[in-house]
Amino acid sequence: MQILNDIGAYCWNTPWLYALLVLLLAPLGGAVIMSLDRKLTARMQGRVGPSWFQPLYDVFKLFGKSPMALHRPQLVYATLHLVFMMVAVLLLAQGRDLLMVLFVQAFSVICLVLGGMSVRSPYSWIGSQRKILQMLALEPILLIMILAVNLRDGSFLASKVLLNPEPLLLSMPLLFLAFLCVVAIEFEKSPFDLATSHHAHQEIVKGITLEYSGPFLGLIEIAHFYEVAFFFGLLMAFWHTSFSMALGLGLASLVFLIVLDNSFARLTSTWMLRFMWSAPLSMALANLIWLWV
Numbered sequence: 288m289q290i291l292n293d294i295g296a297y298c299w300n301t302p303w304l305y306a307l308l309v310l311l312l313a314p315l316g317g318a319v320i321m322s323l324d325r326k327l328t329a330r331m332q333g334r335v336g337p338s339w340f341q342p343l344y345d346v347f348k349l350f351g352k353s354p355m356a357l358h359r360p361q362l363v364y365a366t367l368h369l370v371f372m373m374v375a376v377l378l379l380a381q382g383r384d385l386l387m388v389l390f391v392q393a394f395s396v397i398c399l400v401l402g403g404m405s406v407r408s409p410y411s412w413i414g415s416q417r418k419i420l421q422m423l424a425l426e427p428i429l430l431i432m433i434l435a436v437n438l439r440d441g442s443f444l445a446s447k448v449l450l451n452p453e454p455l456l457l458s459m460p461l462l463f464l465a466f467l468c469v470v471a472i473e474f475e476k477s478p479f480d481l482a483t484s485h486h487a488h489q490e491i492v493k494g495i496t497l498e499y500s501g502p503f504l505g506l507i508e509i510a511h512f513y514e515v516a517f518f519f520g521l522l523m524a525f526w527h528t529s530f531s532m533a534l535g536l537g538l539a540s541l542v543f544l545i546v547l548d549n550s551f552a553r554l555t556s557t558w559m560l561r562f563m564w565s566a567p568l569s570m571a572l573a574n575l576i577w578l579w580v
């Protein structure tokens with residue numbers, strides 16, 4: 288244990304090594320979470336499910352195919368989508384300004400939307416429009432959550448959260464429930480799976496990534512690994528005082544979302560927007576006012 292602590296301290300005090308480890312381990316963590324998602328979903332549907340390494344197999348298979356693109360800007364947008372998501376994960380892991388993290392993550396999603404709109408496929412356009420509605424639904428809650436962190440800790444820095452001896456969940460219970468809805472949207476869980484989903488029980492035509500193939504679709508899949516790790520890390524941050532409790536909270540939240548995914552059908556984009564701007568946004572604002580008072 289002492290050796291592990293020494294290695295961890297050395298990595299933390301060596302910025303370039305710490306950044307490299309984050310960029311290498313984050314997509315692997317995202318792949319593990321997606322594998323768990325697929326396994327539990329399959330068991331709930333009475334199936335054996337894919338291999339635990341299936342997400343990695345899928346990516347390796349995509350990079351083994353011949354590169355093809357309908358429109359050259361597609362390639363640029365797919366690359367930028369991955370790069371911005373990597374930067375967002377790295378900034379969060381380094382404890383930087385949460386507002387900057389939010390903006391970088393939003394730029395990544397915008398690049399994906401622009402890539403979907405750079406082709407003439409109507410399915411891709413519909414998927415892009417749905418992705419925009421998802422952003423409109425969840426970004427206000429993320430912003431309120433960051434403002435609440437600033438009210439509690441007196442700073443927008445993510446590192447300040449770790450210095451507070453009180454878990455975020457105790458002071459932000461309503462915001463945590465609202466954030467669960469945000470994670471459901473980002474993980475493409477029913478009833479919010481409107482843009483693209485890897486599950487067979489959702490939609491045959493995938494939407495925003497329909498016109499991507501080969502290595503370029505592989506870039507988007509890797510970016511999704513980073514995205515899953517990013518939001519799972521935020522879930523764990525609600526109980527940052529204990530790693531075991533944080534991991535348990537994240538896994539319990541994931542299982543809840545998987546059960547939700549298999550219990551509800553997908554609903555419309557207008558319903559999603561009305562719902563997110565009513566109950567979750569109201570809970571987030573109520574929690575913010577509570578912290579202010």
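Note that the sequence shown covers residues 288 to 580 in the working numbering.
We put the beta carbon where it would ideally sit given N, CA and C, even for glycine.
Residue range of the alpha helix (DSSP H) that includes residue i
i    : result
H368 : 359-380
P342 : 341-350
M355 : Careful: M355 lies outside any alpha helix (DSSP H) and carries neither H nor E.
V470 : 460-473
Y410 : 409-440
I509 : 501-523
K326 : 302-331
V391 : 385-404
Rounded straight-line distance, which links the Cα of residue j to that of residue i
i    : j    : result
A552 : S500 : 28 Å
K447 : F347 : 38 Å
V376 : T301 : 18 Å
M523 : L541 : 11 Å
G505 : L349 : 6 Å
W412 : H527 : 40 Å
L304 : I419 : 36 Å
V400 : V391 : 14 Å
G317 : L423 : 24 Å
G336 : G520 : 25 Å
L291 : T328 : Only weak support exists for where L291 lies, its pLDDT of 38 falling under 50; the value from the coordinates is given anyway. Those two C-alpha atoms are separated by around 35 Å.
Minimum C-alpha distance to residue i - residue among the options
i    : options                : result
F517 : L506, G505, L378       : L378
Y344 : Y364, S353, W579, L315 : L315
G537 : D324, L434, M563, W579 : D324
V396 : S569, R439, H511       : H511
Sub-8 Å separation of residue i and residue j beta-carbons
i    : j    : result
F466 : I428 : yes
L430 : D384 : no
A393 : E426 : yes
A566 : L461 : no
I495 : A365 : no
Buried or exposed (CB count within 10 angstroms, at least 16 for buried), residue i
i    : result
G441 : exposed
I576 : exposed
M355 : exposed
F371 : buried
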